[in-house]
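Take a look at the structure below.
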Amino acid sequence: MIRVGIVGVGNIASMFVQSIHYYRSGGGSNGLIHSRIGRYGVGDIEVVYAVDISRHKVGKELTEAIFQPPNQVPKLVDLSDSGVIVRMGRVLDGVADNMVEDFSPSNLPEPTAEDLAKDLEDLGVDVLVNLLPVGSSKAARFYAEAAAMAGTSFVNCIPEFIASDDGYNRLYESRRATLLGDDIKGQLGATIVHRALARLISMRGGEIVESYQLNVGGNTDFKNMLEQSRLHSKKLSKSLAVASTQPDPYDALNRVFAGPNGYIPFLGNIKVSYIYIKALGFMGLPVTFDIKLVVDDKAMASSVLVDAVRLAKVLKDLGVYGAPPWASAPYFKHPPNLVRSDEEALNELYVRLEEYGVKVEPKHTF
Ligand SMILES: NC(=O)c1ccc[n+]([C@@H]2O[C@H](COP(=O)([O-])OP(=O)(O)OC[C@H]3O[C@@H](n4cnc5c(N)ncnc54)[C@H](O)[C@@H]3O)[C@@H](O)[C@H]2O)c1
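Have a look at this one:
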């Protein structure tokens, strides 16, 4: 079993918890990127710890908390009690001014990093997953440091640069724990689709003149991102993820714009992305792409999260500590090192894992 803790019991947490039950109780392996990573299937993941700050969630049983407002993922499977009661976390900058009503912070006492680290140790949490709202710069670092203190591995799903910060890499190395991140790259979300097209253009000799990726959605993730001051690292993470497919990523960054562009409540967890690319092809003649992508954003994230959690556990078992760039590259938008192609990133992960004698199923070949 992989004992997992969750920070932020929002929509991804709901999809993640439900997906574990789905795949454990006969869901087969449909829709999974990998059915097995080392000896772990998705059904081997067990959520044993959860923190939030919402008065609708703290103190509730996890399988009840995931359906509290403002969460919107419907009930997709029958869940038995998990035995996990959601604990109070540290608010810090987790709640933006425009989100106070939605996230309804509780006034229960907040834990210190030492309290949190002790909980993680007492419960034997292998991997702590960060699912805080965008812009939680202080809160994300608070939980990352508490996890390091406990020697618990950390998967950073949000656009705060933690795994890609060498200081945290060294901290996790010294605490003999694994760090993966930053900013989860959804299974078939806008980033990976945009990257694939941008890479294709470059591989076929074209040159991107200008490109944008506009994203709208209707959940708290999108509502929270209405606050421009919280978006700096999100825009950089998304735009650089696309620009990094090009020969000169930082030059391409001047021509690529990707970010959240609006909150449309009726969309719920559906994300609509519009990807536009104008490129110059043969003899300098223009080629234009205009694509609309519609996905369940929380399924896209959870699909990657079930891989990332298993990978973090496998690496810690092997004694691979800190933030190995090759481990984060296939799964995160802003890994420690930029990567041109997702196929190459996945191939490198396979090669590295094989060196350690770890098998992955199915192994995708390109
Ligand atoms: N495809 C995707 O969904 C995707 C992709 C990349 C990154 N992300 C990021 O993942 C994160 C989680 O997404 P989500 O849709 O589950 O968000 P959400 O808004 O549904 O949930 C956030 C949760 O965090 C809680 N919270 C707020 N401050 C807290 C604190 N200080 N301590 C503990 N809990 C706190 C809130 O009460 C809420 O339950 C977001 O930052 C999102 O941008 C999502």
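Sequential numbering from 4 applies to the sequence shown in the numbering used here. Beta carbons are placed, not taken as given, at the ideal position from N, Cα and C, and that holds for glycine. Predicted model, so just to flag it, every value in this text is computed and none were measured.
Under 7 Å Cβ to Cβ from residue i, same chain only, skipping five residues before and after it: list those, please.
i, result
"Gly-97", "Ile-56, Leu-135, Pro-136, Ser-139, Ala-142"
"Pro-328", "Pro-338, Pro-339, Asn-340"
"Asp-299", "Asn-272, Ile-273"
"Phe-164", "Asp-185, Ser-236, His-337"
"Arg-93", "Glu-113, Pro-114, Ala-142, Phe-145"
"Leu-356", "Val-363"
Using 8 Å as the threshold, is the C-beta distance between residue i and residue j below it?
i, j, result
"Gly-180", "Lys-316", "Gly is not the amino acid found at residue 180; the sequence shown has Ala there. No, they are not a contact pair."
"Tyr-52", "Leu-123", "yes"
"Ile-9", "Val-132", "yes"
"His-59", "Gln-75", "no"
"Phe-145", "Tyr-215", "no"
"Gln-21", "Leu-95", "no"
"Tyr-43", "Arg-258", "no"
"Ile-23", "Gly-41", "no"
"Leu-270", "Gly-221", "yes"
"Cys-160", "Ala-304", "yes"
In its own chain, which residues sit with a C-beta less than 8 Å from the C-beta of residue i, not counting the 5 before and 5 after it?
i, result
"Leu-239", "Pro-162, His-337"
If you run the structure through DSSP and keep just helix, strand and coil, what is residue i?
i, result
"Ala-302", "helix"
"Pro-263", "strand"
"Ala-149", "helix"
"Met-91", "strand"
"Gln-249", "coil"
"Thr-382", "Residue 382 cannot be examined here, being either before or after the span of the chain that is shown, 4 to 369."
"Phe-335", "strand"
"Arg-173", "helix"
"Tyr-353", "helix"
"Ala-348", "helix"
"Gln-216", "strand"
"Leu-82", "coil"
"Arg-58", "coil"
"Arg-207", "coil"
"Ile-15", "helix"
Just how far apart, CA to CA, sit residue i and residue j?
i, j, result
"Val-219", "Lys-241", "14 Å"
"Val-354", "Ile-5", "23 Å"
"Pro-250", "Lys-188", "21 Å"
"Asp-84", "Met-228", "33 Å"
"Ile-211", "Tyr-334", "24 Å"
"Asp-310", "Gly-265", "29 Å"
"Leu-182", "Leu-234", "23 Å"
"Gly-2", "Thr-155", "For the chain, the structure presents residues 4 to 369; residue 2 sits outside this window and is missing."
"Glu-64", "Val-50", "12 Å"
"Ser-232", "Asp-100", "11 Å"
"Ser-38", "Gln-190", "14 Å"
"Ala-201", "Ala-282", "9 Å"
"Glu-346", "Val-130", "26 Å"
"Val-196", "Asn-33", "20 Å"
"Leu-79", "Asp-224", "20 Å"
"Ala-120", "Gly-208", "51 Å"
"Asp-125", "Ala-153", "9 Å"
"Glu-67", "Tyr-25", "17 Å"
"Gly-170", "Ser-177", "11 Å"
"Val-245", "Arg-198", "5 Å"
"Ile-204", "Thr-248", "10 Å"
For ligand 3, is there a heavy atom less than 7 Å away from the beta-carbon of residue i?
i, result
"Val-20", "Only ligand 1 can be found as ligands here, which leaves ligand 3 out of the picture."
Once the 5 residues before and after residue i are set aside, which same chain residues still bring their CB inside 6 Å of it?
i, result
"Asn-172", "Gly-325, Ala-326"
"Val-275", "Val-219, Val-297"
"Lys-237", "Val-137, Pro-162"
"Thr-115", "none"
"Ile-294", "Ile-278"
When you compare the stretch 16-24 with the stretch 280-288, are there three or more beta-carbon pairs, one atom per stretch, that lie closer than 8 Å?
no
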